[in-house]
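Let me begin by presenting the structure, written as C-alpha cells, before commenting on it.
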Amino acid sequence: MDKAITLRRMLVAGASLAAIAATTPAAAQTVIEELVVTAQKREEALQDVPIAVSAFNQEALEKAKIDGGPNLVLAVPNVNFSKGNFTGYNFQIRGIGSKLVAASGDAGTGIHLNNAPLIANNLFETEFYDMERVEVLRGPQGTLYGRNATGGVVNLITAKPTDTFSAHARAEYGNYNTMKMRGMVNMPMGDMLALRVAGSYLKRDGYGENLATGNDADDRDLWGGRVTLSFSPTDNFRSWLLFDHFEEDDNRSRIGKQLCTKDLGPGNIGGLGYSAIPPVGQIQRGLFSQGCLPTSLYDPSALGTVNSQATLGGLFGALGGFQTGDAYAGKMQTPDVRDIESLFDPIYKSKTDIYEFNAEFDVTENVTMNWLSAYTYYKLYTRQDYNRYLPSSNFNTTPNPVNAFAAAPIPGGYAAVYGALFPGGVINDPQNGAQNRFTTSDISSGYTEQWSHEVRFQSNFEGPLNYNVGGLITKYNSTGDYYVMFNTGTGYYQINNLLTAGNPNCVGAAPCVSVDPNADPTRLGHNYYDSYGPYRLLSYAAFGELYWQMSENFKWTLGLRYTVDDKRVTAHSVALGVPGQGPIPIGLQKAKFKEPTGRFGFDWQPDVGFTDDTLIYAFYTRGYKGGGLNPPFSPGIGVVPVPATFEPEFINAYEVGTKNTLMGGSLQLNLTGFYYDYKGYQVSKIINRTSINENIDARVMGLEFESIWQPLENLRLNAQIGWLDSEIKDAASIDTFNRTQGIAGLTLVKSSAASNCVVTTAAAQTALAISNGQVPGFTPNPFNLLGVCTLASAAGAGTNIGGGAIAAGTNAFGGLVSEGVPVDLDGNELPNSPHWTVSLGAQYTMDLSASWQAVLRGDYYKQGKTYARIYNSNADRIRGWENVNLTLTVENPEAGLEIGAFVKNATDETAITDFYLTDDSSGLFRNVFYTEPRTYGVSISKRW
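In this text, residue positions in the sequence shown follow this note's numbering: the first is 48, and each later residue adds one.
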C-alpha cells in the first residue's frame with residue numbers, strides 16, 4: 048500500500064502520464080495524496096474513472112514545461128494541435144477535431160473551464176497558471192459534456208480558495224528577452240469566506256523580424272488575472288464565484304510563412320501561342336495561371352511568391368492598368384521561417400472576461416444539487432499584411448495601354464484620368480494608405496457573448512443504484528468580420544465612380560460603389576471583401592447516467608442525453624463591387640438539430656492474481672456534433688450548387704481498456720483500444736472566397752499504451768504511446784489546388800471573379816484564338832478570356848469532359864465548363880492524424896542536503912507524418928517531428944524556495960504542424976503554422 052501511495056504521489060508531483068481507470072458509483076475514497084479529477088462531473092480518483100483521461104496539476108505542468116494548451120500535445124497520446132488561419136485552432140483527439148470554417152460550426156473538442164463550456168476561448172493564447180489541474184478526456188463525451196465533444200474534452204480546473212493562508216510568486220527570464228511572472232495569494236476571511244487572487248504576465252521579443260519595418264515579428268505582451276471567492280455558510284452548502292480576465296495587445300502573427308511555388312502559367316495552350324502583342328500575351332498567360340503550384344511544402348521553390356496575375360487583386364491591377372505583369376516577379380522569400388516582409392507589423396488584440404458561479408447543496412444526506420452558471424465576453428481584433436512579402440515592382444505611372452478603360456469614351460482619354468487620380472502611380476486607399484505598389488491586408492475580428500446554466504442532481508446511496516442527472520442551456524451570440532482590402536480594387540472602383548457618379552470616393556446609392564473613408568473598415572464600403580453574418584446559438588439538453596453496482600467489483604453504466612441545437616445566421620451577401628453602401632442582408636438562415644446520444648458499458652475489477660489491482664472496462668458511446676449553415680456565395684459566382692447547410696457529425700465509438708498496478712504499486716501498465724464508425728466528418732474548402740463545408744464518412748481505430756514505473760526511490764520513468772489508423776470511406780471531392788489532376792486535354796482558366804474553372808483544352812484554344820483576334824470580328828483583347836468560366840446556358844450539363852470532370856453548362860464560346868476532376872478519397876487518411884505519437888519521460892531526484900534537493904527531468908516527444916487535407920497529395924504531406932524538453936529544479940520544500948532552469952525544443956527543430964490553403968482568387972498560397980523555436984531560461988519561485 049505504501050508503494051501505491053508513492054506512485055499516486057508521483058502523479059501529483061509531476062508525471063505527464065495519461066491514466067486509464069474505472070469508477071464506482073459510491074463516494075470517492077479519500078486516499079492520501081490522491082490526484083482527484085472530475086472527468087465524470089464528480090470527484091473521483093484519477094485511477095478510478097472508466098474514461099481515457101490525462102490529468103496534470105500545476106506542478107506537473109511546470110516540470111514538463113506544458114505552459115499552455117498547445118503543449119498538451121507533448122504529453123497526451125493521439126493528440127494533435129495546430130493554430131488556424133482565422134485566429135482559431137484545431138485541438139484534435141484521435142483524429143477528431145475541427146477542420147471546418149464556419150461561424151455556425153462547432154469544435155470537435157470541447158473546452159471547459161471548471162466544467163462550464165467555453166465556445167470562444169483563449170486556449171492557444173493564454174498560459175496555465177494557478178491550476179488545480181488540467182484534464183484531457185479522450186473519446187466522445189456525449190452524455191455529461193454533450194455537444195461538440197466528439198473528439199473529447201479539455202477541462203481546465205482552477206485552484207479554489209482554501210481555509211489556510213498561502214501565497215506563491217514565480218519569475219522567469221529567458222532568451223528572446225522573455226519575462227514571465229505568476230503569483231497567487233489565498234486568504235481565508237472567517238469561517239465562511241475565502242478569497243484567492245492569481246495572475247500571470249508574459250512579455251517577450253519576436254521570434255523573427257519584419258524585414259520591411261526592421262521590428263520584431265511575432266512578439267508577445269499578454270496578461271491574465273483571476274479572482275475566486277468561496278462562500279460556505281453551512282456544512283451542506285458550498286459555493287464559489289469566479290472572475291477571470293485575459294488581455295493581449297502585441298504583434299502576434301496569426302500565421303507563419305506563406306508558401307508558394309509560383310505558377311507562371313502554361314507556355315501555350317495545346318500548342319496555340321498567346322498574342323504576339325506583349326502586353327496582351329502577358330495578361331493572357333496570367334489568366335491561365337492558378338497563382339501557386341501544388342508542390343511539396345519542403346521543396347525549395349515553395350519559398351517563392353504568388354503570381355499576382357492569378358489573384359483578384361492582380362486582376363483589378365490589370366483591368367485598371369495599374370500593374371504590368373506579376374507584381375512579385377522574380378521574388379523569393381527569405382528561408383528563415385520566422386521572418387516576414389510586411390508593409391506594417393501585425394496587430395493582435397484580444398480580451399476575454401469570464402464570470403462563473405457554482406453552488407452545491409446537499410438536498411439530503413445522499414443527494415447533492417449542483418448549479419453552475421457562466422458568462423463569457425470575448426473580443427478579438429487582428430490585422431496583418433495579407434501577403435507576407437512586398438512587391439518587386441511599383442505601379443505604372445501611366446496606365447498599361449492594355450486595360451479595361453482604353454476604349455471608353457473618356458474626355459481627354461483614360462491616361463489623363465489615370466494621371467489625375469493616381470499621380471506617380473499612387474492609389475489613395477483609405478484602408479491601406481497611399482501606396483504606389485500592390486498592397487493587401489486583412490482583418491479578422493470577433494465579438495461574442497455566452498451564457499450557460501447547468502443544474503445537476505447526483506446521488507451517493509449505499510445501495511447498488513446511483514445516478515447523475517441534469518439539464519443544460521447555452522446561449523451564444525457572435526458577430527464579427529473578415530475583411531480583405533486591396534488597393535487595386537479600390538483604385539478600380541474609384542475610376543468607375545468618377546465615370547458614373549462624378550466622385551471617385553463617393554459614399555451612397557447606386558451607381559456609386561461606396562469607398563469606405565475609414566482606415567478601419569466599418570462595413571460601409573463596397574471597395575473591399577467583407578464576410579459578415581451575426582450568429583446565434585440556443586442549445587439545451589437533458590442528460591443523465593445511471594450506475595448499477597451489480598456486485599462488489601462489477602458495475603454497469605447507462606448514460607443518455609437529448610440535445611437540441613437551434614442555429615441562426617443573419618446572412619449578408621458579399622458586397623464587393625456592388626453599387627450602394629453598407630451590408631446587403633440576404634435574410635435569416637435557420638437550422639435546428641435534435642439528437643440523442645449516450646453511452647453504455649461496464650467496468651470490472653477482477654482479482655487476477657498476478658497484479659496488485661486490475662481494472663477492465665468496455666463502453667459503447669454515441670457522439671454528436673451539430674451541423675451548421677454554409678456562408679452565402681458571392682453574387683453571380685459559382686458553378687456547382689452548394690447546399691445552404693452542412694450535416695452533423697456522428698461517432699459510434701467502441702472502446703475497451705485495462706489498467707493494471709503491479710510490483711507492489713511501483714509499476715502501472717494501461718492499455719486502451721478503440722474503434723470509431725465516423726459519419727458526416729465536416730471539412731471545409733474555400734470556393735469563390737467562401738468557406739464551403741462538406742460531409743464525408745470515415746473509420747478510425749487505435750491503441751494507447753501508457754505506463755509509469757518507479758524502479759528506484761528517486762527515479763521515475765513514464766511512456767505514452769498512441770497508434771492511430773484512420774480511413775475515409777466512399778467519398779470524392781474536387782481538389783481546388785489541383786482541379787485538372789494532370790488529366791491530358793483539360794485546362795484551368797481564371798473567371799471574371801478570379802476563381803478557377805476547368806474546360807477542355809480545345810475549348811480553351813477557341814477562347815484564346817478569339818482573345819488573340821484570330822477569329823473574324825474580334826480584336827486582340829485578353830479580357831475576353833474572363834468569359835470562359837461564365838455559363839451562358841445549361842446545355843451539356845452533366846457531360847463528362849474528361850477524367851470525371853462534369854460540366855455544369857456551356858459558356859459563350861461554346862465550351863463546356865466544369866469545376867474540376869473529383870478525387871477519389873476512399874482509403875485516404877483523415878487530416879492531422881499521425882499513425883504514431885510517442886512521449887517518453889524520465890525524472891530523477893537527488894538529495895543535495897538535509898533541506899535541498901535537485902530534480903532533473905527530460906521529456907521526449909515524436910509524432911509521425913500526417914497530411915493537412917483529405918486529398919493526401921504530396922502537397923498535403925507534413926513530415927513527422929520531434930521535441931525534447933529539459934528541466935532542472937533545485938528546491939528547498941521547507942523554505943518554499945525553488946530555483947530552476949529549462950530548455951524547450953532543445954534540438955531547435957522547426958516543424959510544420961498544419962497549413963491553410965487559400966482560395967483561387969488569392970492564388971492558392973498556403974499559410975503554414977510552425978512549432979516554436981528553441982527557448983531556454985531560468986526561474987525562481989517562493990511559496991508562503
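Each residue gets a CB set at the ideal place from its N, CA and C atoms; glycine is no exception.
Source: prediction; values computed, not measured.
Candidates the options: closest to residue i by CA position
{"i": "G493", "options": "G517, A810, Y530 and Y461", "result": "Y530"}
{"i": "L795", "options": "F278, Q652 and A814", "result": "A814"}
{"i": "G943", "options": "Y914, T965 and S988", "result": "S988"}
{"i": "N919", "options": "A365, F212, P341 and R141", "result": "P341"}
{"i": "P456", "options": "E501, V502 and T547", "result": "T547"}
{"i": "H573", "options": "F649, D476, N717 and Y176", "result": "D476"}
{"i": "T787", "options": "K614, G911 and T807", "result": "T807"}
{"i": "N803", "options": "L793, D967 and A859", "result": "D967"}
{"i": "F284", "options": "E412, Q812, G144 and F657", "result": "E412"}
{"i": "T783", "options": "G704, K776 and I917", "result": "I917"}
{"i": "L993", "options": "T371, G849 and N257", "result": "This structure does not reach residue 993, given that the chain is present from 48 up to 991, and the question cannot be answered."}
{"i": "E509", "options": "D177, V414, Y192 and E256", "result": "V414"}
{"i": "N879", "options": "L838, F103 and N125", "result": "N125"}
{"i": "I755", "options": "N765, M748, G749 and V747", "result": "N765"}
{"i": "A259", "options": "T526, D432, K797 and L718", "result": "D432"}
Nearest-angstrom Cα separation, counted from residue j out to residue i
{"i": "L306", "j": "F976", "result": "11 Å"}
{"i": "D659", "j": "Q757", "result": "15 Å"}
{"i": "G634", "j": "N524", "result": "17 Å"}
{"i": "G720", "j": "A111", "result": "26 Å"}
{"i": "D49", "j": "E760", "result": "Unreliable placement is indicated for D49, whose pLDDT of 38 sits below 50; the coordinate value is still reported in the next sentence. Distance between the alpha carbons of D49 and E760 is about 12 Å."}
{"i": "M379", "j": "G338", "result": "14 Å"}
{"i": "P347", "j": "V201", "result": "38 Å"}
{"i": "V868", "j": "D577", "result": "30 Å"}
{"i": "N127", "j": "A779", "result": "25 Å"}
{"i": "I158", "j": "L121", "result": "18 Å"}
{"i": "N224", "j": "T982", "result": "10 Å"}
{"i": "D873", "j": "I743", "result": "10 Å"}
{"i": "F972", "j": "D373", "result": "15 Å"}
{"i": "G824", "j": "F860", "result": "14 Å"}
Classification of residue i by the beta-carbon crowding that lies within 10 angstroms, buried from 16 upward
{"i": "Y725", "result": "buried"}
{"i": "R251", "result": "buried"}
{"i": "V621", "result": "buried"}
{"i": "F133", "result": "buried"}
{"i": "K304", "result": "buried"}
{"i": "W991", "result": "exposed"}
{"i": "E599", "result": "exposed"}
{"i": "M231", "result": "buried"}
{"i": "I239", "result": "This sequence places Met at residue 239; Ile is not what is there. Flag for M239 reads exposed."}
{"i": "N443", "result": "buried"}
{"i": "Q821", "result": "exposed"}
{"i": "M532", "result": "buried"}
{"i": "K732", "result": "buried"}
{"i": "G271", "result": "buried"}
Whole-angstrom C-beta distance between residue j and residue i, which should lie under 8 Å
{"i": "S886", "j": "N939", "result": "Contact flag wrong, Cβ pair sits at about 30 Å."}
{"i": "M416", "j": "V353", "result": "About 59 Å separates the two Cβ atoms, so there is no contact after all."}
{"i": "R180", "j": "D153", "result": "Contact flag wrong, Cβ pair sits at about 25 Å."}
{"i": "R570", "j": "Y579", "result": "6 Å"}
{"i": "G769", "j": "S151", "result": "Contact flag wrong, Cβ pair sits at about 31 Å."}
{"i": "L877", "j": "A745", "result": "6 Å"}
{"i": "N740", "j": "F697", "result": "That belief does not hold up - the Cβ atoms of N740 and F697 are roughly 16 Å apart, past 8 Å."}
{"i": "V449", "j": "P980", "result": "Contact doesn't hold; Cβ gap of about 47 Å is too wide."}
Note to self: Tell me whether the region 97-116 and the region 178-188 touch, counting them as touching only if at least three CB pairs, one residue from each stretch, are closer than 8 Å.
What the structure shows: yes
Margin query: Below 8 Å, how does it come out for the region 506-516 and the region 586-594: are there three or more Cβ pairs, yes or no?
Written below: yes
Margin query: Tell me whether the region 378-392 and the region 546-553 touch, counting them as touching only if at least three CB pairs, one residue from each stretch, are closer than 8 Å.
Written below: no
Next item on the list: Determine contact between the region 159-167 and the region 636-646, defined as no fewer than three beta-carbon pairs at a distance below 8 Å.
Entry: no
Note to self: With three or more beta-carbon pairs closer than 8 Å as the criterion, would you say the region 319-333 touches the region 281-299?
What the structure shows: no
Notebook entry, point to check: Within the chosen definition, does the region 420-439 reach the region 383-398 through at least 3 CB pairs nearer than 8 Å?
Noted result: Under the 8 Å Cβ criterion, the region 420-439 counts as touching the region 383-398, having at least three qualifying pairs.
Check: Does the region 949-964 come close enough to the region 921-931 to have 3 or more Cβ pairs within less than 8 Å?
Finding: yes
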